[in-house]
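Report on one structure; see the data block that follows.
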Amino acid sequence: MIQFREEIVHRLAQIPGLSEKLVRPLLEKPADPSYGEYALPCFRLAREWRRRPNEIAEDLARQLGSFGSIASVESVGPYLNFKIDPLALTRSVLGEIGEKGPDYGSDKLGEGKTIVIDYSSPNIAKPFHMGHLRSTILGSSLKQIFSTLGYRVASINFLGDWGTQFGLLALAYQKWGDNQELEARPIRYLYELYVKINQAAQEEPAIQEAARENFRQMEEGAREPLDLWNRFRTLSIQEYERVYSRLGVHFDVYSGESFYREKVQGVLEELKAKGLLQLSQGASIVDLLPWGLNVALLAKSDGTTLYLTRDLAATHERYAEYRFHRLIYVVGSDQRLHFTQLFKTLELMGRPWADRCVHVDFGRILGMSTRKGQAVFLDDVLDEGKRRALEKMQANPEKFAEVADPDLTADICGMSAIVFSDLSRRRVKDYEFDWEQVLAFEGDTGLYLQNAHARVAGIMRKSGVALPSSIDYGLLLGEGETLDLVRHLSAFPEVVHRAAEEYEPAFICTYLIGLARLLHQAYKALWVQGRPPPLAEARLKLLWSVKQVLANGMRLLGMTPLERM
RNA sequence: GCGCCUGUAGCUCAGCCCGGAUAGAGCAACGGACUUCUAAUCCGUGGGUCGCAGGUUCGAAUCCUGCCAGGCGCGCCA
57 MIQFREEIVH RLAQIPGLSE KLVRPLLEKP ADPSYGEYAL PCFRLAREWR
107 RRPNEIAEDL ARQLGSFGSI ASVESVGPYL NFKIDPLALT RSVLGEIGEK
157 GPDYGSDKLG EGKTIVIDYS SPNIAKPFHM GHLRSTILGS SLKQIFSTLG
207 YRVASINFLG DWGTQFGLLA LAYQKWGDNQ ELEARPIRYL YELYVKINQA
257 AQEEPAIQEA ARENFRQMEE GAREPLDLWN RFRTLSIQEY ERVYSRLGVH
307 FDVYSGESFY REKVQGVLEE LKAKGLLQLS QGASIVDLLP WGLNVALLAK
357 SDGTTLYLTR DLAATHERYA EYRFHRLIYV VGSDQRLHFT QLFKTLELMG
407 RPWADRCVHV DFGRILGMST RKGQAVFLDD VLDEGKRRAL EKMQANPEKF
457 AEVADPDLTA DICGMSAIVF SDLSRRRVKD YEFDWEQVLA FEGDTGLYLQ
507 NAHARVAGIM RKSGVALPSS IDYGLLLGEG ETLDLVRHLS AFPEVVHRAA
557 EEYEPAFICT YLIGLARLLH QAYKALWVQG RPPPLAEARL KLLWSVKQVL
607 ANGMRLLGMT PLERM
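Read in order, the letters of the first sequence correspond to residues 57 to 621 in my numbering.
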């Protein structure tokens, strides 16, 4: 596809007064494809040449005529529209998808570069709720996207396994702890204790004090609270891993704040040596007020450290280990200040790679709080999605009979719906969690994509037509639907690039919905079964290409494409 | 109070980075389409002062300023 664009740029540059450098950024895709594949708006030229844009467009159209693969150049008002020869376009796009298959959309852009992504990162004292799900899904998708662009990607789950809340939790367990409950359902049980102790602490400030003392002892290495802490941690991780595997999410490294509890001293000493650390009201701070970033608190007045201190230690280790070209934190936007402070402090410490760190933030999921006990647990959501999917599948008994593994298929359907609903809106937006909306199975949803994919799979199974090695692409041009699909297919690689640049899997969602819609619209017109072989084969090739790109895109989102549903 | 983010159809959103050709989808409503490869689909109808007010520009949903509304953050939580 890029070759057509370059062909136009090259040809335009031959016109006196134009150059490749001038023209390349001006060339755009028209809003309406009926104008052509590319368009040159002449406003900028009009200003420079002090002529009317409409005249310029007309003049250029006359001078250029058709050339190479460009079938026509027409002026429409101030626009110069280029139409690529439909046959050349179709052959090029479908040929490329045919050759690359699962690698269509891939690139070598990132070869030799490493990206470290930190995502999911639940806090052990708190439940794995929808907020963590958003980080998990986003991070996992970004991992796929960067991998497909050739980067070496290391995924890290940085557990919130250290901090005052463990003092609080240990206290709760000492008060009300039940070993059987803890073993049977660690995450939910710890959450219940956490909620209960927080309520108690609100009425009794002494509890807060005792918790702080507990944690202080832990930082000093006291055996008893540490043993308890270790049990909480181990049991929780086991349960997380179960949930991750259900979602198809994988981490290269499980780490956590506790790993750095001894290394923070080194950080504090370095800060002190560099004259960055100040004492204020008994606490150690770095003054970031000159940059409008408030002050960063690195050690409390009782000497215990904070999240920020441990993050400083962790980034240092990560750079030493990976020499990353980028370090990405997928964490909610409520922690924006934290990361801005972290990055600025790294810069002040003289880390030359400080500007390689990125906070990929995302909006809040409203209506949920760990303190008030309104959390929706991930397992419940996945189960509910599965239940609804199964119901829907059973509504069509004939199709249901064809599905080999209804249980697994329903689970995948439910997760597709959830993953897609989360990724389909842009990161920054807050959203109100709404079961009906998340688990909707109609319209712009993950199931719409799955349905499109499964429909083509059905055609490939049932039409009785096989893909031959040579195709007469000309036979496809009788239907207008073909070019709409081909044009859309051609845009996939650039969509993947854009999604990576902006850390926005949502771009891929929008793209795939558009592709699936074009497919559904063309379904009748591109009928395969019973058509003369050359036509049937050409159509099947087109449909196969759509299926391939749908699958490639869905995988980037973390969805498993289904052959039957 | 200060800082950041968001505000587009009844609802959920895309379009904003990089200003241009009639502002697009889905849901909901209403009316159609299954003797054929998945109707979890398709076709049609109605529905918008792009939060408000200025400014820049030949041209603003898009850029700038101010205001309003909502969310988040602002030294001993993570």
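For each residue, glycine too, the CB sits at the ideal point set by N, CA and C.
As for any beta strand (DSSP E) of minimum length 3 sitting wholly inside the segment 145-176, the runs are 170-174, ordered along the chain. Check the Cα spacing between Ser-197 and each of Phe-563, Leu-438, Leu-446, Glu-593: the tightest is with Phe-563.
Taking the CA atoms as reference points, Leu-422 sits about 17 Å from Leu-495. When the Cα atoms are used, Ile-126 and Pro-134 turn out to be separated by approximately 20 Å. For His-553, the uninterrupted alpha helix (DSSP H) segment begins and ends at 548-557. By DSSP's assignment, Glu-84 forms a beta bridge with Ala-95. Assigned with DSSP and collapsed to three states, Asn-179 falls in strand. By a beta-carbon distance limit of 8 Å, Ala-510 contacts Arg-620. Their separation comes to about 6 Å. Within the segment 194-268, the complete beta strand (DSSP E) runs of at least 3 residues fall at 208-215.
Within the same chain, and ignoring the five residues on either side of Gln-294 in sequence, the residues whose Cβ sits closer than 8 Å to its Cβ are Pro-242. Within the same chain, and ignoring the five residues on either side of Ser-336 in sequence, the residues whose Cβ sits closer than 8 Å to its Cβ are Val-351. Secondary-structure assignment with DSSP links Asn-137 through a beta bridge to Ala-95, Glu-130. Under DSSP, Thr-361 forms a beta bridge with Ala-355. By DSSP's assignment, Ser-340 forms a beta bridge with Leu-335, Ala-355. At the C-beta level, Val-584 and Ala-592 come within 8 Å of one another. Annotation for Thr-465: Ala-445, Met-449, Val-459, Leu-618, Arg-620, Met-621 place their beta carbon closer than 8 Å to its own, counting only its chain and skipping 5 residues before and after. The beta carbon of Val-129 is closer than 6 Å to those of Ala-117, Leu-120, Phe-138 in its chain, skipping five residues each way along the sequence. When Cβ pairs closer than 8 Å are counted between the two stretches, the segment 310-326 is seen to touch the segment 208-224, the count reaching three or more. Taking a contact to require three or more Cβ pairs closer than 8 Å, the segment 347-366 and the segment 187-197 do not qualify as touching. Restricting attention to alpha helix (DSSP H) runs no shorter than 4 residues, the segment 472-553 encloses them at 491-494, 502-518, 536-546, ordered along the chain.
The residue from Tyr-247, Leu-227, Asn-235, Asp-308 with its alpha-carbon nearest to that of Gln-273 is Leu-227. Apart from sequence neighbours up to five positions away, the residues of its chain that approach Gly-530 with a beta-carbon distance below 7 Å are Leu-143, ordered along the chain. Within the same chain, and ignoring the five residues on either side of Arg-100 in sequence, the residues whose Cβ sits closer than 7 Å to its Cβ are Leu-82. In the three-state reduction of the DSSP assignment, Val-323 falls in the helix class, which pools H, G and I. Ile-384 carries a strand assignment under DSSP once its states are collapsed to helix, strand and coil. Nearest C-alpha to Pro-109 among Pro-89, Val-132, Ser-122, Ala-87: Val-132. By the C-beta criterion, the segment 549-569 is judged to be in contact with the segment 595-610, since at least 3 inter-stretch pairs fall below 8 Å.
Taking the C-beta atoms as reference points, Gly-499 is found no nearer than 8 Å to Ala-473. Only residues of its own chain outside the window of five on either side were considered, and among them Lys-330, Leu-332, Val-342 have a CB closer than 8 Å to the CB of Leu-404, listed in chain order. Note on Ile-58: under 16 other CB atoms within 10 angstroms of its CB, so exposed under the neighbour-count rule. His-66 sits in a helix when the DSSP states are folded into three classes. Assignment of Ser-601 by DSSP, reduced to helix, strand and coil, places it in the helix class. The three-state secondary structure of Ile-112, taken from DSSP, is helix.
Secondary structure at Ser-191: helix, using DSSP grouped into helix, strand and coil. Per DSSP, the beta-bridge partners of Ile-421 are Tyr-487. With a beta-carbon spacing of about 6 Å, Leu-532 and Leu-598 fall inside the 8 Å limit used to define contacts.
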